[in-house]
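In the numbering used here, the protein residues as written are 6 to 612. What follows is a short report on a single structure.
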């Protein structure tokens, strides 16, 4: 039979059996209602709650996977047993309903696993009880029919005979049917009031020995067949009430556990014998390894001498590397000084951005504008982070310039004067920040009013859900249009490729104009449209354009900075510094003038 394990025909036959049994259970449940018992296959679940559709999909025949098919065969066979046991339990519940005793599902509330023998035994007792009750009902109905027929015949004879007949003659005909309706009483396990003392003693000793065997199996890590049987007996019956069949089943399960323990002991003894042989072999190998260890020690002494020589050479190289690191640290200290000087300028730019955002928020009165301002505020926060990254890049550029022209005192004095001006500017901005904070509280009150409007919008959302169903029908028509748009998209991509080339040329022109605004002779003062919000939006667009161009320049500057950090490139730059000093000074002066002109222009626009 082993060659049939995992066969496709067997698996499909078991699947059909499970489906047929489930159909029979549904028909029984339609009469008894849901019967709740512990599952035999899955003791932690109830039998009626198992998802058979999922289990049948999971354990199906798969071509080329023999082990999985064998496992599926076993699981499906266990499911057949589980369904058959649930069918017996539902029959038992139906019998008890007919007898008017225990309700369906009461037996399943007890904990522990389900014992097949106890379920079958209980079902057989209920069948016997039900048949005896039906037999008694049939006898009683027969007696009643016979009594009714005799009473009718006696009444007819009494009318024909003399009217002076005594009533005792009528009573003498009634007792025979009563004798026929009598049932014979017998002593059974259920009717016994007190169990036998000898049976109780024997079964208590069996229970103690079974517990010791179960505990021994648990300590040895073996599976125990008596454990589920013990729990079922403790939950259902008392000692002394087990039948001979239960005792034989108990003895058979106990012999199986003892046989399992004996096999485990023999396996351990064989394993111990093999381990003694391995210990002897390992001792021989240990002696060989000791001799090999002595040889390795001699070789290690030779290698230690070589390692000492190599270590001295590495120490000399380490000293040279440490000297180079000290030189780099001195350069890093100089760079940190420059970073602290430029942090003041960074704070000034942060405060100016916050002031512009708060002034723009103060001009918004309507709900739609408030929401737009919140979105713009988030965008400016992202731009602020970009500016911080830009400033970090410009700091690196200025550090490079300061390293080249550190000897010049003019730049240092100019930065000190600029820092003082920035400190004064910060004080004024702090006062403006306090005023705008009070204005922000007023905006929060307006925001509370907007929450009331939000409740009305939720009502409108319900109406929009109805419109959504209509839009789904339109989605199919839009899907056809999407295919047409794909063709249109390909044409647009070709147009975009041409426009990107024009855009690159325009970006190059913008970069030159932003970097050197003094070269643009047509530059005029910005004209005001009268609407402050519109002017500020235009100014933000111009600033974002300049920021984008400066970011591109910063990328190129970071690449040059990485090249300059290389020690070889630093030496080459120091050699060429003497030749390029006049041109670099002129370029630096132009950059300073352009920055001043740009800051003056933005100051005039803000006014």
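Glycine is no exception: its CB is placed at the ideal position from the N, C-alpha and C atoms. Just so you know, these numbers come straight off a predicted model, no measurement behind them.
- Can you give the Cα-Cα distance for residue 323 and residue 570, rounded to whole angstroms? Here residue 323 refers to the residue found at position 318 when the chain shown is read from its first residue. Here residue 570 refers to the residue found at position 565 when the chain shown is read from its first residue. If I take the Cα positions, the gap works out to 21 Å.
- Query: What are the boundary residues of the alpha helix (DSSP H) that residue 203 is part of?
  - Reply: The count along the chain shown starts at 1 and reaches residue 203 at position 198. Segment 202-225, the alpha helix (DSSP H) holding residue 203.
- Query: Which partner residues of residue 43 appear in the DSSP bridge assignment?
  - Reply: The residue labelled residue 43 in the question sits at position 38 within the chain shown. Answer is 51.
- Where do the N-terminal and C-terminal ends of the alpha helix (DSSP H) with residue 28 fall, by residue? Taking the first residue of the chain shown as position 1, residue 28 is located at position 23. Where residue 28 is concerned, the enclosing alpha helix (DSSP H) starts and stops at 13-37.
- Query: Looking at residue 91 and residue 35, is the spacing between their C-beta atoms short of 8 Å?
  - Reply: Taking the chain shown and counting its residues from 1, one reaches residue 35 at position 30. Taking the chain shown and counting its residues from 1, one reaches residue 91 at position 86. No, these two residues do not count as a Cβ contact at 8 Å.
- Item | DSSP-derived helix/strand/coil call for residue 404 | Along the chain shown, one-based indexing puts residue 404 at 399. Residue 404 falls in the helix class under three-state DSSP.
- Task: Could you check what DSSP says for residue 185 in three-state terms: helix, strand or coil?
- Result: Here the question's residue 185 lines up with position 180 in the chain shown. Interpretation of residue 185 is limited by its pLDDT of 39, a score under 50 that renders its predicted location unreliable; the figure taken from the coordinates is listed afterwards. Three-state result, residue 185: helix.
- Query: How is residue 64 classed by DSSP in three states: helix, strand or coil?
  - Reply: The sequence position of residue 64 within the chain shown is 59, counting from 1. Secondary structure at residue 64: coil, using DSSP grouped into helix, strand and coil.
- Query: Quick one, which of 70, 55, 56 and 74 has its alpha-carbon nearest residue 64's?
  - Reply: Within the chain shown, numbered from 1, the residue matching residue 64 stands at position 59. Checked all of 70, 55, 56 and 74; the closest Cα to residue 64 is 74.
- Relative to the C-alpha of residue 138, which residue among 103, 128 and 478 is closest? Translated into positions along the chain shown, residue 138 becomes position 133. Ranking 103, 128 and 478 by CA distance to the CA of residue 138 puts 103 first.
- Query: Taking Cβ positions, are residue 95 and residue 136 nearer each other than 8 Å?
  - Reply: Taking the first residue of the chain shown as position 1, residue 95 is located at position 90. Taking the first residue of the chain shown as position 1, residue 136 is located at position 131. In terms of Cβ geometry, residue 95 and residue 136 do not form a close pair [threshold 8 Å].
- Under the rule that 16 or more other beta-carbon atoms within 10 Å means buried, what is residue 378, buried or exposed? Along the chain shown, read from residue 1 onward, the residue named residue 378 stands at position 373. It is buried - the Cβ of residue 378 has at least 16 other Cβ atoms within 10 Å.
- Inter-stretch contact at 8 Å, needing at least 3 Cβ pairs: the segment 340-349 / the segment 394-409: Contact between the segment 340-349 and the segment 394-409 is present, because at least three Cβ pairs lie under 8 Å.
- Query: Going by the beta-carbon positions, is the gap between residue 231 and residue 258 smaller than 8 Å?
  - Reply: Translated into the one-based positions of the chain shown, residue 231 becomes position 226. Translated into the one-based positions of the chain shown, residue 258 becomes position 253. Yes.
- Distance CB(residue 140)-CB(residue 81) smaller than 8 Å: Locating residue 140 in the chain shown gives position 135, where the first residue counts as 1. Locating residue 81 in the chain shown gives position 76, where the first residue counts as 1. The Cβ atoms of residue 140 and residue 81 lie no closer than 8 Å to each other.
- Query: Quick one, which of 16, 55, 105 and 46 has its alpha-carbon nearest residue 67's?
  - Reply: Working through the chain shown from its first residue, we reach residue 67 at position 62. Residue 16 is the option with its Cα nearest to residue 67.
- Message: Need the endpoints of the alpha helix (DSSP H) that residue 1 sits in, please.
- Response: Residue numbering for the chain in the displayed model covers 6 to 612; residue 1 lies beyond these limits and cannot be assessed.
- Message: Here's the rule I'm using: 16 or more other beta-carbon atoms within 10 Å means buried, otherwise exposed. How should residue 178 be labelled?
- Response: On the chain shown, position 173 is the one that residue 178 refers to. Residue confidence for residue 178 is low, a pLDDT of 38 falling below 50, so the modelled location carries little weight and cannot support an answer.
- Message: Out of 49, 77 and 44, which one is the CA nearest neighbour of residue 14?
- Response: Position 9 of the chain shown, counted from the start, is the residue given in the question as residue 14. Looking only at 49, 77 and 44, the smallest Cα-Cα distance to residue 14 is reached by 77.
- Item | DSSP-derived helix/strand/coil call for residue 230 | If you number the chain shown from 1, residue 230 lands on position 225. Coil, per DSSP.
- Item | Burial state of residue 208, where buried means 16 or more other Cβ atoms lie within 10 Å | Residue 208 sits at position 203 when you count from the first residue of the chain shown. With a 10 Å radius around the Cβ and a threshold of 16 neighbouring Cβ atoms, residue 208 comes out buried.
- residue 304, buried or exposed, once every other Cβ within 10 Å from all chains shown has been counted against 16: In the chain shown, residue 304 corresponds to position 299, counting from 1. The residue in question, residue 304, is exposed, as its Cβ has fewer than 16 Cβ neighbours within 10 Å.
- Message: Taking 8 Å as the threshold (C-beta atoms), are residue 132 and residue 88 in contact?
- Response: In the chain shown, residue 88 corresponds to position 83, counting from 1. In the chain shown, residue 132 corresponds to position 127, counting from 1. The Cβ atoms of residue 88 and residue 132 lie no closer than 8 Å to each other.
- Task: For residue 566, collect the residues of the same chain with a Cβ closer than 8 Å to its Cβ; drop the 5 residues on either side in sequence, then sort them by chain order.
- Result: Translated into the one-based positions of the chain shown, residue 566 becomes position 561. Answer for residue 566: 401, 402 and 405, listed in chain order.
- Tell me whether residue 535 sits in a helix, a strand or coil according to DSSP, three-state version. For the purposes of this step, residue 535 is identified with residue 530 of the chain shown, where counting begins at 1. Correct three-state label for residue 535: coil.
- Task: Look up residue 359 in the DSSP assignment and say whether it is helix, strand or coil.
- Result: Within the chain shown, numbered from 1, the residue matching residue 359 stands at position 354. Residue state, collapsed to three classes: helix.
- Message: Please report the straight-line C-alpha distance between residue 50 and residue 41, rounded to a whole angstrom.
- Response: The sequence position of residue 50 within the chain shown is 45, counting from 1. The sequence position of residue 41 within the chain shown is 36, counting from 1. One Cα belongs to residue 50, the other to residue 41, and the distance between them is close to 10 Å.
- Task: Put residue 500 into one of helix, strand or coil per three-state DSSP.
- Result: In the chain shown, residue 500 corresponds to position 495, counting from 1. The answer is helix: DSSP assigns residue 500 an H, G or I state.
- Task: Assess, as a yes-or-no matter, whether the segment 445-458 is touched by the segment 379-390 under the definition of 3 or more beta carbon pairs within less than 8 Å.
- Result: The segment 379-390 makes no contact with the segment 445-458; the number of CB pairs closer than 8 Å stays below 3.
- Would you check if the segment 351-365 and the segment 317-337 touch, i.e. whether three or more CB-CB distances between them fall below 8 Å? Three or more beta-carbon pairs separated by less than 8 Å are not found between the segment 317-337 and the segment 351-365, which leaves the two stretches without contact.
- Spatial distance of residue 297 from residue 276 (CA atoms): Position 292 of the chain shown holds residue 297. Position 271 of the chain shown holds residue 276. Taking the straight line joining both Cα atoms gives about 31 Å.
- Query: In angstroms, rounded to a whole number, what distance separates the CA positions of residue 226 and residue 218?
  - Reply: Position 221 of the chain shown holds residue 226. Position 213 of the chain shown holds residue 218. Answer to the nearest angstrom: the Cα atoms are 12 Å apart.
- Please name the residue in 360, 420, 422 and 460 whose C-alpha comes closest to that of residue 442. On the chain shown, position 437 is the one that residue 442 refers to. Here the closest residue by C-alpha is 360.
- Beta-carbon separation of residue 60 and residue 93 under 8 Å? Here residue 60 corresponds to residue number 55 of the chain shown, with the count starting at 1. Here residue 93 corresponds to residue number 88 of the chain shown, with the count starting at 1. Using a Cβ distance threshold of 8 Å, residue 60 and residue 93 do not count as a contacting pair.
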